[in-house]
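Protein chains in written order, with my numbering: chain A, 36 to 149; chain B, 12 to 122. Each remark here refers to the structure printed beneath this line.
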Amino acid sequence: ETGVTQTPRHLVMGMTNKKSLKCEQHLGHNAMYWYKQSAKKPLELMFVYSLEERVENNSVPSRFSPECPNSSHLFLHLHTLQPEDSALYLCASSQDTYYNSPLHFGNGTRLTVT
Amino acid sequence: KQEVTQIPAALSVPEGENLVLNCSFTDSAIYNLQWFRQDPGKGLTSLLLIQSSQREQTSGRLNASLDKSSGRSTLYIAASQPGDSATYLCAVRQSNYQLIWGAGTKLIIKP
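Shown next as structure tokens:
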């Protein structure tokens with residue numbers, strides 16, 4: 036198994052749908068992250084969880100709702116999205132949130148909002 | 012506000028050449044700088060991490076340097092191979108969990 040697994044790999048949803056992205060890490064890490072990657076733009080940090088507690092919400096619209104039920108799983112619940120929300124959503128984990136902890140990324144979910 | 016710039020946005024070179032990718036940042040108050048590789052449709056793989064007190068790090072054919080005072084880092088790839096084709100991103104760490112990212116350099120190695 037890879038260290039960080041994201042499902043689904045691809046998702047197409049209408050603006051009125053509700054869907055969820057799932058991330059699972061098998062590395063025993065205590066911190067998990069959601070990033071958004073849009074074409075030609077730098078990665079944007081969305082949320083950070085440390086020991087299942089949210090420590091960062093980087094001014095993300097409320098139509099994105101994260102959930103971290105335990106240190107191995109992270110979800111991103113989506114509802115009433117906009118076409119500009121189409122992007123690659125990347126999950127990452129690290130041992131902790133200290134600056135020396137390297138990030139391990141999943142392969143991402145390619146989201147298209149129609 | 013920290014800004015990270017990677018130039019060029021895209022680079023195409025013949026196989027076997029040595030090449031340098033550039034990363035610049037505006038605020039020298041960083042903990043470390045990392046270089047990542049991203050293959051099409053995939054996540055990111057960490058290549059090298061340079062602490063703020065270090066000047067360079069090496070891994071195989073890759074060598075990354077850091078000049079904090081001038082706000083620059085370079086990633087040197089020796090004897091490039093088609094398998095090196097990917098997008099290379101640099102990111103600087105300014106706080107415990109906040110990485111500031113460049114937009115990446117898309118590298119194509121022609122056989």
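Backbone N, C-alpha and C define an ideal beta-carbon position, used for all residues, glycine too. As the structure is a prediction and not an experimental result, all values here were calculated from the model.
query                                                                                                      : result
G82 of chain B versus A127 of chain A - alpha carbon distance                                              : 26 Å
Opposing strand residues paired with T116 of chain B [DSSP bridges]                                        : B:Y99
DSSP three-state assignment for P43 of chain A, whether helix, strand or coil                              : coil
Contact list for P137 of chain A against chain B, beta-carbon separation under 9 Å                         : Q45, S57, L60
Contacting residues, own chain, Cβ-Cβ under 8 Å from G115 of chain B (five flanking each side not counted) : Q17, A20, Q49, T98, Y99, L100
Rounded C-alpha distance that separates Y87 of chain B from A74 of chain A                                 : 25 Å
Reference H64 of chain A; option with closest CA among A:L86, A:E102, A:S97                                : A:L86
Alpha carbon of H139 of chain A to alpha carbon of C34 of chain B, nearest angstrom                        : 21 Å
Alpha carbon of G38 of chain A to alpha carbon of H61 of chain A, nearest angstrom                         : 5 Å
Minimum C-alpha distance to K12 of chain B - residue among B:A89, B:G94, B:E26, B:A40                      : B:A40
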